[in-house]
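I have placed the structure first, in the form of structure tokens, so that the comments after it can refer back to it.
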Amino acid sequence: MAAELQVRRYEEKYLLSPVHAAALRELLDGVLPRDRYSAGGAYYIRSLYFDTPSSADFHDKLLGVSERKKLRLRLYDLQAPTVKLEIKAKRAKNSHKQSAVLPRAAAQQLIAGDAAALPGEGAAARAAWALLQGEHRAPAALIDYERTAWVFPVGRARITLDTHVRAAKSADLFAADVPMAGVLDPMTILEVKYDQPLPPWVKRMLASVPATALSVSKYALARAALY
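So for the sequence shown, my numbering puts the first residue at 2; every next one is plus one.
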């Protein structure tokens, strides 16, 4: 497993109509640089979420439980030799993410239920082991979407627009032919992540576009649509 990463930050989510998403996209392009992955346009993300037999993560989100967590595998290319393992914990607007890189074969073992594919060292590996073995988590939903991201160096701010959110009741993380159902089309999800308060002018720019605060996650939306 490659070096692990731990990140603590604030996170806000909003829902935008196609017209308002296009307006915000134009505003952002006028004042902020896109991240290196978005230079040529939106990029692809696929995530496989794991949940308990009682769907604890899904129900915690719907009930508004303050302290929540998610376990997922994430990739950006179906042919990639590695996959990101991520454990995301949230408390209100505060989020803490642990991540590590797994070889493709190890990810396939985890999907098949073999937690022994995890190395015995590293915080992310230990946290994933506890969730998989202690809570008997298994694949629950596969989610695809396309993301455009902008960055602002102050407070490590990152603003993203996610479109074409699709989901399937499948564990085929690497398969290109999984039938996916649209979850939010034609709406767009705006996510704002930062370590320190955003500059006033960035806040004003974001507030200039009508948006609805989003209280549920992509995973919760997908589960509600699929089950």
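We put the CB at the ideal spot given by N, CA and C, even for glycine.
Since I believe Arg-10 is in contact with Ser-96 (beta carbons under 8 angstroms), could you give me their beta-carbon distance rounded to a whole number of angstroms?
About 6 angstroms separates the CB atoms of Ser-96 and Arg-10; that is less than 8 angstroms, so the two are in contact.
Close-in-space but distant-in-sequence residues of the same chain around Pro-140 (CB under 7 angstroms, 5 per side omitted):
Cβ contact annotation for Pro-140 (same chain, cutoff 7 angstroms, sequence separation greater than five): Leu-49, Phe-51, Ile-112 and Ala-172, in chain order.
Length of the line joining the Cα atoms of Ala-124 and Trp-130:
Taking the straight line from one Cα to the other gives about 10 angstroms.
At which residues does the alpha helix (DSSP H) containing Leu-29 begin and terminate?
Per DSSP, Leu-29 belongs to the alpha helix (DSSP H) from 19–32.
Using CA coordinates, which residue listed in Leu-191, Phe-175, Met-188 and Pro-154 is at the minimum distance from Pro-82?
Looking from the CA of Pro-82, the closest CA among Leu-191, Phe-175, Met-188 and Pro-154 belongs to Phe-175.
Rounded to the nearest angstrom, how far is the Cβ of Asp-36 from that of Ala-150, given a contact under 8 angstroms?
With a contact defined as Cβ atoms closer than 8 angstroms, Asp-36 and Ala-150 qualify at about 4 angstroms.
Those runs of the beta strand (DSSP E) which lie wholly inside the stretch 126–196 and span at least 3 residues
Runs found: 139–153, 158–169 and 189–195.
Status (buried if at least 16 other CB within 10 Å, exposed otherwise) for Ala-117
Ala-117 sits exposed, since fewer than 16 C-beta atoms from the chains shown fall within 10 Å of its C-beta.
Which residue marks the beginning of the alpha helix (DSSP H) containing Ala-43, and which one marks its end?
First-last for Ala-43: undefined, no H or E at that position.
Measure the C-alpha to C-alpha separation of Ser-39 and Arg-148 and round it to an integer number of angstroms.
As the crow flies, the alpha-carbon of Ser-39 is around 8 angstroms from that of Arg-148.
With H, G and I counted as helix, E and B as strand and the rest as coil, what does DSSP make of Val-203?
Three-state result, Val-203: helix.
Since Gln-99 is in the beta strand (DSSP E), which residue starts that stretch and which ends it?
Residues 95–104.
Could you check where the alpha helix (DSSP H) with Ala-223 kicks off and where it finishes?
Segment 219–227, the alpha helix (DSSP H) holding Ala-223.
Pull up the CB-CB distance for Glu-136 and Thr-53, whole angstroms please, since I reckon it's below 8 angstroms.
Contact holds; Cβ gap of about 5 angstroms.
Taking 6 angstroms as the limit between beta carbons, can you name the residues of its chain near Leu-16, skipping five residues before and five after?
In its chain, beyond the 5 residues on either side, Met-188, Thr-213 and Leu-215 have a beta carbon closer than 6 angstroms to the beta carbon of Leu-16.
Does the distance from the CB of Tyr-146 to the CB of Arg-167 come in under 8 angstroms?
Yes, Cβ-Cβ distance for Tyr-146 and Arg-167 is below 8 angstroms.
Same chain, Cβ closer than 7 angstroms to Lys-89, neighbours up to 5 away in sequence not counted:
Same-chain partners within the cutoff: Lys-70, Lys-71, Ser-96 and Lys-98.
Euclidean distance between Cα positions of Tyr-44 and Leu-119:
Pairing Tyr-44 with Leu-119, the inter-Cα distance amounts to about 28 angstroms.
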